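Protein chains: 2
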Amino acid sequence: MEQRLSVITLGVESLSKAKQFYTEGLGWKLSPNSQEGFAVFQIGGMLFALYPKQALAEEVNIPVAKGFSGITLAYNVRRKADVDATLSLAQDAGATILKKAEATFWGGYSGYFSDLDGHVFEIAWNPFWPLDEHGNIDVS
Amino acid sequence: MEQRLSVITLGVESLSKAKQFYTEGLGWKLSPNSQEGFAVFQIGGMLFALYPKQALAEEVNIPVAKGFSGITLAYNVRRKADVDATLSLAQDAGATILKKAEATFWGGYSGYFSDLDGHVFEIAWNPFWPLDEHGNIDVS
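Here the protein sequences line up with chains E and F, keeping their order. In this text, residue positions in the first sequence follow the numbering used here: the first is 1, and each later residue adds one. In this text, residue positions in the second sequence follow the numbering used here: the first is 1001, and each later residue adds one.
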């Protein structure tokens, strides 16, 4: 596993209010890769995303009521096969698989694990967000 | 506010077990800037840190029992005066100040706010971790 992360996603109650906070409030600029229901901002070689919390909890397979933190950290891989390999590596290291890798509605392939303290990581292959040689993503 | 973040910090129950998970388990390498009680990893131009969850909750001023997510996102500024200015900007945008800026035990100056959904941000001036022109930190 390379030493990097790809996306920080914050679950939010109101996507429109949250977008307003980060854009008008803090002055950040939305990436054109944002979609209805999903806001994304370029931060260095990583992305910062906003997504409805309920949908994120369902995606991650942890009910909000069960203490889902509302934050996921994604590590994007270069090849589809790396998703399963990376989830296995994490599991061997003591992680809990929250969701086995599967094809996603957005055309990628991803799965989730939680680390020893319950922090949620997505391992994802996203053919629409290529990684450069350093592992950076650029959707600005 | 520049469009970037500086540090992702995960609160952990056992720092030694968490360090082992990320180093031996996932193969990441600790930064020499790590200290006893604080583990830090270089990820691109950002840092990924592990810190005892109880201490992090006290630092942030949210009791663990009150639903602290156990994650903080730090935005480091270039000049000490930028800390208060950035906290004010966030407050004007609707953020809640969790802790007013103050001198820290490690020789910096920082304060905390939560966004509209309770996600915790630290605004910090850290003279030991200079930012380059792009806002990147390098402690590798």
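Ideal Cβ positions, reconstructed from N, Cα and C, are used throughout, including at glycine. Nothing here was measured: the structure is a model prediction, and the numbers come from that model.
- Looking at the DSSP output, E/PHE21 shares a beta bridge with no other residue.
- Residues are counted here when their Cβ sits less than 9 Å from a Cβ of chain F; for the stretch 12 to 32 of chain E these are VAL12, GLU13, SER14, LYS17, ALA18, GLN20, PHE21, TYR22, GLU24, GLY25, LEU26, GLY27, TRP28, LYS29, given in chain order.
- For E/SER69, there is no enclosing beta strand (DSSP E), as DSSP gives it neither H nor E.
- Across the stretch 1041 to 1055 of chain F, CB contacts with chain E closer than 8 Å involve PHE1041, GLN1042, ILE1043, GLY1044, GLY1045, MET1046, PHE1048, LYS1053, in sequence order along the chain.
- The Cβ atoms of F/GLY1135 and F/GLU1002 sit closer than 8 Å to each other.
- Rounded to whole angstroms, the Cβ separation of F/VAL1139 and F/GLN1042 is 6 Å, and the two are in contact under 8 Å.
- Residues are counted here when their Cβ sits less than 8 Å from a Cβ of chain F; for the stretch 120 to 131 of chain E the count is zero.
- Secondary structure note for F/SER1088: its alpha helix (DSSP H) is the uninterrupted segment 1081 to 1092.
- Residue pairing for F/VAL1120: DSSP places it in a beta bridge opposite F/THR1072, F/SER1114.
- Against chain F, the beta carbon of E/ILE71 has neighbours under 8 Å at SER1069, ILE1071, HIS1119, listed in chain order.
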